[in-house]
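These notes are about the structure you will find just below.
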Amino acid sequence: MTKADETLALRARGLVRRYGDTTAVDGIDLDLHRGEVMALLGPNGAGKTSTVEMCEGFIAPDEGSISIFGLDPIADREQVHARVGMMLQGGGAYSASRTEEMLRLIASFYADPLDVDWLLDTLGMREHGRTPYRRLSGGQQQRLSLACAIVGKPELVFLDEPTAGLDAQSRIAVWDLVRALRRDGVAVLLTTHLMDEAAELSDSVVIIDRGSVVATGSPEQISSLGLSDGVVATFPDDVPASELDSLAGALSGFDVRVRGGNRANEISIDGASSPEL
1 MTKADETLAL RARGLVRRYG DTTAVDGIDL DLHRGEVMAL LGPNGAGKTS TVEMCEGFIA
61 PDEGSISIFG LDPIADREQV HARVGMMLQG GGAYSASRTE EMLRLIASFY ADPLDVDWLL
121 DTLGMREHGR TPYRRLSGGQ QQRLSLACAI VGKPELVFLD EPTAGLDAQS RIAVWDLVRA
181 LRRDGVAVLL TTHLMDEAAE LSDSVVIIDR GSVVATGSPE QISSLGLSDG VVATFPDDVP
241 ASELDSLAGA LSGFDVRVRG GNRANEISID GASSPEL
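1 is the number of the first residue of the sequence shown in full-length UniProt numbering; add one for each residue after it.
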(Lines of atoms letter the chains of each structure in order from A and count residues from 1; the text may use other names and numbers.)
(Lines give C-alpha, C1' and ligand atoms only; values in the text may rest on other atoms or scores of the structure.)
Protein backbone atom coordinates (compact mmCIF):
# COMPACT_ATOMS: atom_id res chain seq x y z
CA MET A 1 0.00 0.00 0.00
CA THR A 2 1.37 3.41 -0.99
CA LYS A 3 1.34 6.48 1.22
CA ALA A 4 -1.36 7.97 -1.01
CA ASP A 5 -3.53 4.88 -0.50
CA GLU A 6 -3.15 5.18 3.28
CA THR A 7 -4.55 8.72 3.22
CA LEU A 8 -7.37 7.91 0.79
CA ALA A 9 -10.79 8.39 2.38
CA LEU A 10 -12.95 7.94 -0.70
CA ARG A 11 -12.36 6.45 -4.13
CA ALA A 12 -15.06 6.17 -6.79
CA ARG A 13 -14.52 4.75 -10.25
CA GLY A 14 -16.86 4.82 -13.23
CA LEU A 15 -20.02 5.64 -11.28
CA VAL A 16 -23.21 5.32 -13.31
CA ARG A 17 -26.74 5.72 -11.98
CA ARG A 18 -29.88 5.50 -14.10
CA TYR A 19 -33.49 6.31 -13.30
CA GLY A 20 -35.54 4.71 -16.03
CA ASP A 21 -34.31 6.10 -19.34
CA THR A 22 -32.46 8.97 -17.64
CA THR A 23 -28.77 8.65 -16.82
CA ALA A 24 -28.32 10.87 -13.76
CA VAL A 25 -24.64 10.01 -13.21
CA ASP A 26 -22.46 8.98 -16.12
CA GLY A 27 -18.96 7.64 -15.43
CA ILE A 28 -17.78 9.81 -12.53
CA ASP A 29 -14.39 9.21 -10.84
CA LEU A 30 -13.45 10.74 -7.47
CA ASP A 31 -10.41 10.58 -5.16
CA LEU A 32 -10.65 12.31 -1.77
CA HIS A 33 -7.90 12.17 0.86
CA ARG A 34 -7.91 12.79 4.60
CA GLY A 35 -7.75 16.46 5.49
CA GLU A 36 -9.03 17.55 2.08
CA VAL A 37 -12.24 19.28 1.03
CA MET A 38 -13.70 18.42 -2.37
CA ALA A 39 -16.57 20.44 -3.83
CA LEU A 40 -18.96 18.98 -6.38
CA LEU A 41 -20.11 22.07 -8.26
CA GLY A 42 -22.97 22.25 -10.71
CA PRO A 43 -26.53 23.42 -11.34
CA ASN A 44 -29.58 21.77 -9.83
CA GLY A 45 -30.18 18.41 -11.47
CA ALA A 46 -26.54 17.98 -12.47
CA GLY A 47 -26.16 14.66 -10.63
CA LYS A 48 -24.42 15.91 -7.49
CA THR A 49 -26.87 14.49 -4.96
CA SER A 50 -27.13 11.12 -6.73
CA THR A 51 -23.33 10.89 -6.69
CA VAL A 52 -23.20 11.63 -2.96
CA GLU A 53 -26.02 9.20 -2.16
CA MET A 54 -24.12 6.41 -3.92
CA CYS A 55 -20.99 7.24 -1.93
CA GLU A 56 -23.04 7.21 1.28
CA GLY A 57 -24.45 3.79 0.46
CA PHE A 58 -28.09 4.91 0.25
CA ILE A 59 -28.40 3.90 -3.39
CA ALA A 60 -26.37 1.41 -5.40
CA PRO A 61 -24.57 2.40 -8.60
CA ASP A 62 -25.70 0.65 -11.77
CA GLU A 63 -22.05 0.54 -12.78
CA GLY A 64 -18.76 1.37 -11.09
CA SER A 65 -17.23 0.93 -7.65
CA ILE A 66 -16.89 2.90 -4.41
CA SER A 67 -14.40 2.45 -1.57
CA ILE A 68 -14.50 4.33 1.74
CA PHE A 69 -11.40 3.68 3.83
CA GLY A 70 -11.11 0.46 1.84
CA LEU A 71 -14.69 -0.59 2.67
CA ASP A 72 -17.80 -0.99 0.52
CA PRO A 73 -20.47 1.54 1.64
CA ILE A 74 -23.27 -1.00 1.11
CA ALA A 75 -21.70 -4.37 1.98
CA ASP A 76 -19.83 -2.85 4.96
CA ARG A 77 -22.54 -0.34 5.87
CA GLU A 78 -22.21 -0.59 9.67
CA GLN A 79 -18.43 -0.15 9.65
CA VAL A 80 -18.62 2.72 7.18
CA HIS A 81 -21.34 4.62 9.02
CA ALA A 82 -19.34 4.43 12.26
CA ARG A 83 -16.65 6.53 10.56
CA VAL A 84 -18.75 8.83 8.40
CA GLY A 85 -20.99 11.84 9.02
CA MET A 86 -23.82 12.76 6.66
CA MET A 87 -25.76 15.97 6.20
CA LEU A 88 -28.73 15.08 4.03
CA GLN A 89 -30.45 17.58 1.75
CA GLY A 90 -33.83 16.49 3.09
CA GLY A 91 -32.88 16.85 6.76
CA GLY A 92 -33.70 13.29 7.91
CA ALA A 93 -34.86 14.37 11.39
CA TYR A 94 -37.93 13.46 13.44
CA SER A 95 -40.31 16.40 13.13
CA ALA A 96 -41.34 16.38 16.81
CA SER A 97 -37.81 16.12 18.23
CA ARG A 98 -36.46 19.16 20.02
CA THR A 99 -33.19 20.59 18.79
CA GLU A 100 -31.00 19.97 21.83
CA GLU A 101 -32.44 16.58 22.76
CA MET A 102 -31.96 15.29 19.22
CA LEU A 103 -28.35 16.46 19.12
CA ARG A 104 -27.62 14.97 22.56
CA LEU A 105 -29.23 11.68 21.56
CA ILE A 106 -27.02 11.39 18.48
CA ALA A 107 -23.95 12.38 20.52
CA SER A 108 -24.73 9.55 22.98
CA PHE A 109 -24.12 6.97 20.24
CA TYR A 110 -20.41 7.88 20.11
CA ALA A 111 -17.59 7.23 22.58
CA ASP A 112 -15.99 10.67 22.23
CA PRO A 113 -18.42 13.15 20.66
CA LEU A 114 -17.99 16.86 20.23
CA ASP A 115 -19.31 19.05 23.04
CA VAL A 116 -23.00 19.61 22.35
CA ASP A 117 -23.09 22.98 24.11
CA TRP A 118 -20.18 24.19 21.98
CA LEU A 119 -21.92 23.06 18.79
CA LEU A 120 -25.17 24.79 19.73
CA ASP A 121 -23.33 28.03 20.48
CA THR A 122 -21.10 27.85 17.39
CA LEU A 123 -24.05 27.36 15.04
CA GLY A 124 -26.26 29.91 16.79
CA MET A 125 -28.81 27.31 17.91
CA ARG A 126 -28.67 27.76 21.68
CA GLU A 127 -31.90 29.79 21.87
CA HIS A 128 -33.68 27.17 19.76
CA GLY A 129 -32.66 24.23 21.96
CA ARG A 130 -36.24 23.44 23.03
CA THR A 131 -37.81 24.14 19.65
CA PRO A 132 -39.26 21.11 17.79
CA TYR A 133 -37.57 20.42 14.47
CA ARG A 134 -40.75 21.09 12.48
CA ARG A 135 -40.92 24.64 13.88
CA LEU A 136 -37.38 25.57 12.92
CA SER A 137 -36.83 27.71 9.86
CA GLY A 138 -35.19 26.14 6.82
CA GLY A 139 -31.86 27.69 7.71
CA GLN A 140 -32.10 26.51 11.33
CA GLN A 141 -32.87 22.98 10.16
CA GLN A 142 -29.78 23.14 7.96
CA ARG A 143 -27.58 24.14 10.90
CA LEU A 144 -29.00 21.38 13.09
CA SER A 145 -28.43 18.81 10.33
CA LEU A 146 -24.81 19.92 10.09
CA ALA A 147 -24.38 19.61 13.86
CA CYS A 148 -25.81 16.07 13.77
CA ALA A 149 -23.43 15.15 10.94
CA ILE A 150 -20.27 16.16 12.78
CA VAL A 151 -21.06 15.60 16.47
CA GLY A 152 -19.59 12.09 16.35
CA LYS A 153 -16.17 13.30 15.15
CA PRO A 154 -16.32 11.47 11.81
CA GLU A 155 -13.30 10.83 9.60
CA LEU A 156 -15.27 11.63 6.43
CA VAL A 157 -18.22 14.02 6.13
CA PHE A 158 -20.74 14.35 3.31
CA LEU A 159 -22.36 17.79 3.17
CA ASP A 160 -25.14 18.15 0.58
CA GLU A 161 -25.75 21.88 -0.06
CA PRO A 162 -24.68 22.78 3.52
CA THR A 163 -25.43 26.51 3.27
CA ALA A 164 -28.71 26.36 1.34
CA GLY A 165 -31.18 28.79 2.88
CA LEU A 166 -28.69 30.30 5.35
CA ASP A 167 -28.19 33.99 6.00
CA ALA A 168 -24.73 35.50 5.60
CA GLN A 169 -23.76 35.14 9.28
CA SER A 170 -24.85 31.50 9.47
CA ARG A 171 -23.08 30.76 6.20
CA ILE A 172 -19.81 32.07 7.62
CA ALA A 173 -20.27 29.90 10.73
CA VAL A 174 -20.70 26.83 8.53
CA TRP A 175 -17.62 27.76 6.49
CA ASP A 176 -15.60 28.09 9.71
CA LEU A 177 -16.70 24.61 10.80
CA VAL A 178 -15.71 23.10 7.46
CA ARG A 179 -12.27 24.71 7.78
CA ALA A 180 -11.97 23.30 11.31
CA LEU A 181 -12.83 19.83 10.02
CA ARG A 182 -10.05 20.07 7.45
CA ARG A 183 -7.55 21.21 10.09
CA ASP A 184 -8.47 18.15 12.16
CA GLY A 185 -7.69 15.85 9.23
CA VAL A 186 -11.30 15.12 8.31
CA ALA A 187 -12.12 14.51 4.64
CA VAL A 188 -15.10 16.55 3.41
CA LEU A 189 -17.16 16.03 0.26
CA LEU A 190 -19.64 18.85 -0.23
CA THR A 191 -22.05 19.76 -2.99
CA THR A 192 -22.84 23.31 -3.97
CA HIS A 193 -24.02 25.40 -6.89
CA LEU A 194 -22.08 28.43 -5.61
CA MET A 195 -18.64 28.98 -7.13
CA ASP A 196 -17.56 31.35 -4.36
CA GLU A 197 -18.31 28.67 -1.75
CA ALA A 198 -16.36 26.05 -3.68
CA ALA A 199 -13.42 28.42 -4.12
CA GLU A 200 -13.44 29.49 -0.46
CA LEU A 201 -13.57 26.02 1.10
CA SER A 202 -12.21 23.37 -1.22
CA ASP A 203 -8.85 21.93 -2.15
CA SER A 204 -10.33 20.54 -5.35
CA VAL A 205 -13.39 21.38 -7.43
CA VAL A 206 -15.25 18.90 -9.64
CA ILE A 207 -17.65 20.59 -12.05
CA ILE A 208 -20.57 18.34 -12.98
CA ASP A 209 -23.36 18.80 -15.49
CA ARG A 210 -25.85 16.29 -16.89
CA GLY A 211 -24.20 13.61 -14.79
CA SER A 212 -20.71 13.99 -16.26
CA VAL A 213 -17.53 15.70 -15.10
CA VAL A 214 -16.90 18.83 -17.16
CA ALA A 215 -13.65 19.87 -15.45
CA THR A 216 -11.64 19.29 -12.29
CA GLY A 217 -8.83 21.17 -10.62
CA SER A 218 -7.89 23.32 -7.67
CA PRO A 219 -9.87 26.53 -7.14
CA GLU A 220 -6.80 28.42 -8.34
CA GLN A 221 -6.67 26.44 -11.57
CA ILE A 222 -10.32 26.99 -12.29
CA SER A 223 -10.21 30.69 -11.40
CA SER A 224 -6.93 31.57 -13.15
CA LEU A 225 -8.57 33.77 -15.73
CA GLY A 226 -6.58 34.57 -18.82
CA LEU A 227 -3.88 31.94 -18.28
CA SER A 228 -5.09 29.62 -21.01
CA ASP A 229 -7.44 29.37 -23.92
CA GLY A 230 -10.05 27.84 -21.66
CA VAL A 231 -11.87 24.56 -21.37
CA VAL A 232 -14.12 23.22 -24.08
CA ALA A 233 -16.39 20.28 -23.30
CA THR A 234 -18.35 18.63 -26.09
CA PHE A 235 -21.87 17.36 -25.53
CA PRO A 236 -24.29 15.40 -27.74
CA ASP A 237 -25.95 17.41 -30.49
CA ASP A 238 -29.38 17.04 -28.91
CA VAL A 239 -28.40 18.86 -25.69
CA PRO A 240 -30.53 22.04 -25.62
CA ALA A 241 -28.83 25.38 -25.17
CA SER A 242 -30.86 25.94 -22.00
CA GLU A 243 -29.05 23.03 -20.34
CA LEU A 244 -25.64 24.52 -21.13
CA ASP A 245 -26.82 27.92 -19.96
CA SER A 246 -27.71 26.36 -16.59
CA LEU A 247 -24.13 25.15 -16.23
CA ALA A 248 -22.84 28.59 -17.15
CA GLY A 249 -25.10 30.02 -14.45
CA ALA A 250 -23.46 27.80 -11.84
CA LEU A 251 -20.13 29.42 -12.71
CA SER A 252 -21.21 32.98 -11.99
CA GLY A 253 -18.25 35.30 -11.67
CA PHE A 254 -16.28 33.51 -14.37
CA ASP A 255 -15.85 34.31 -18.04
CA VAL A 256 -18.04 31.51 -19.36
CA ARG A 257 -19.23 31.32 -22.97
CA VAL A 258 -21.30 28.70 -24.68
CA ARG A 259 -20.21 28.32 -28.27
CA GLY A 260 -20.31 26.02 -31.25
CA GLY A 261 -21.95 25.71 -34.62
CA ASN A 262 -25.42 25.22 -33.18
CA ARG A 263 -24.57 26.73 -29.78
CA ALA A 264 -25.87 23.57 -28.17
CA ASN A 265 -22.91 21.23 -28.18
CA GLU A 266 -19.95 23.08 -26.68
CA ILE A 267 -19.24 25.13 -23.60
CA SER A 268 -16.08 27.14 -23.04
CA ILE A 269 -14.90 28.03 -19.52
CA ASP A 270 -12.28 30.65 -20.24
CA GLY A 271 -9.25 30.85 -17.99
CA ALA A 272 -9.37 27.40 -16.42
CA SER A 273 -5.76 26.25 -16.17
CA SER A 274 -4.73 22.61 -16.66
CA PRO A 275 -8.19 21.09 -16.27
CA GLU A 276 -9.13 17.47 -16.67
CA LEU A 277 -12.06 16.68 -18.93
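Built from N, CA and C at the ideal position, the CB exists for glycine as well. Here the structure is a predicted model, which means the values were calculated and not measured.
Determine the contact status of SER67 and ARG11, defining contact as a CB-CB distance below 8 Å.
Position 67 of the sequence shown, counted from the first residue, corresponds to residue 67. Position 11 of the sequence shown, counted from the first residue, corresponds to residue 11. It is a contact, given that the beta carbons lie within the stated cut-off.
Distance, GLY129 Cα to GLU56 Cα
The residue you call residue 56 lines up with position 56 of the sequence shown. The residue you call residue 129 lines up with position 129 of the sequence shown. C-alpha separation (whole angstroms): 28 Å.
Are residue 294 and HIS33 close, meaning C-beta to C-beta below 8 Å?
Nothing about residue 294 can be reported from this structure: the residues present for the chain run from 1 to 277 only.
Could you tell me the alpha carbon to alpha carbon distance between PRO73 and GLY27, rounded to whole angstroms?
Counting from 1 along the sequence shown, the entry for residue 73 is found at position 73. Counting from 1 along the sequence shown, the entry for residue 27 is found at position 27. Straight-line Cα distance between these residues: approximately 18 Å.
Does DSSP put ARG182 in a helix, in a strand, or in coil?
The count along the sequence shown starts at 1 and reaches residue 182 at position 182. For ARG182, the secondary structure class from DSSP, reduced to helix, strand or coil, is helix.
Three-state secondary structure assigned by DSSP to TYR110:
Here residue 110 corresponds to residue number 110 of the sequence shown, with the count starting at 1. Of the three classes helix, strand and coil, the one that applies to TYR110 here is coil, per DSSP.
My output table needs one value for VAL52: the three-state DSSP class, helix, strand or coil.
The residue labelled residue 52 in the question sits at position 52 within the sequence shown. In the three-state scheme derived from DSSP, where H, G and I count as helix and E and B as strand, VAL52 is classed as helix.
Per-residue DSSP class, three states only, for ARG134:
Counting from one through the sequence shown, the residue named residue 134 turns up at place 134. Residue state, collapsed to three classes: helix.
Buried or exposed for ILE208, going by 16 or more other Cβ atoms inside 10 Å?
In the sequence shown, residue 208 corresponds to position 208, counting from 1. Under this definition ILE208 is a buried residue.
If we call anything under 8 Å between Cβ atoms a contact, is MET54 one with PRO162?
Numbered from its first residue, the sequence shown carries residue 54 at position 54. Numbered from its first residue, the sequence shown carries residue 162 at position 162. Going by C-beta atoms, MET54 is not nearer than 8 Å to PRO162.
Could you tell me if ILE150 is buried or exposed, where buried requires 16 or more neighbouring beta carbons within 10 angstroms of its beta carbon?
One-based indexing of the sequence shown puts residue 150 at position 150. Of the other Cβ atoms in all chains shown, 16 or more fall within 10 Å of the Cβ of ILE150; this residue is therefore buried.
Beta strand (DSSP E) runs contained entirely in the segment 145-173, provided each spans 3 or more residues
For the segment 145-173, whole beta strand (DSSP E) runs of length 3 or above, ordered along the chain, are 156-160.
Residue nearest to LEU181 in terms of C-alpha spacing, selected from LEU146, ALA215, HIS193, MET195
The residue given as residue 181 occupies position 181 in the sequence shown. It is LEU146.
Reduced DSSP secondary structure (H/G/I, E/B, other) of GLU36
Here residue 36 refers to the residue found at position 36 when the sequence shown is read from its first residue. Taken through DSSP and simplified to helix, strand or coil, GLU36 comes out as coil.
Bridge partners for SER67 per DSSP, in chain order?
Numbered from 1 along the sequence shown, position 67 holds the residue referred to as residue 67. Answer by DSSP bridge pairing, in chain order: ARG11.
Looking only at DSSP bridge pairs, what is ILE207 linked to?
As a first step, residue 207 must be located in the sequence shown, where it is residue number 207. Per DSSP, LEU41, ALA215.
So what does DSSP say about ILE28, is it helix, strand or coil?
Reading the sequence shown from its first residue, position 28 is the one you call residue 28. ILE28: strand per DSSP, three-state reduction.
SER65 versus ARG13 - alpha carbon distance:
Looking up residue 65 in the sequence shown gives position 65. Looking up residue 13 in the sequence shown gives position 13. In a straight line, the C-alpha of SER65 is about 5 Å away from that of ARG13.
Using DSSP with H/G/I as helix, E/B as strand and the rest coil, what is MET87?
Counted from its first residue, the sequence shown places residue 87 at position 87. In the structure shown, MET87 sits in a strand (DSSP, three-state: E or B).
Cβ distance (whole Å) where ASP203 is taken to contact GLU36 below 8 Å:
By one-based count along the sequence shown, residue 203 stands at place 203. By one-based count along the sequence shown, residue 36 stands at place 36. Contact annotation, ASP203 with GLU36: C-beta distance approximately 5 Å; criterion of less than 8 Å satisfied.
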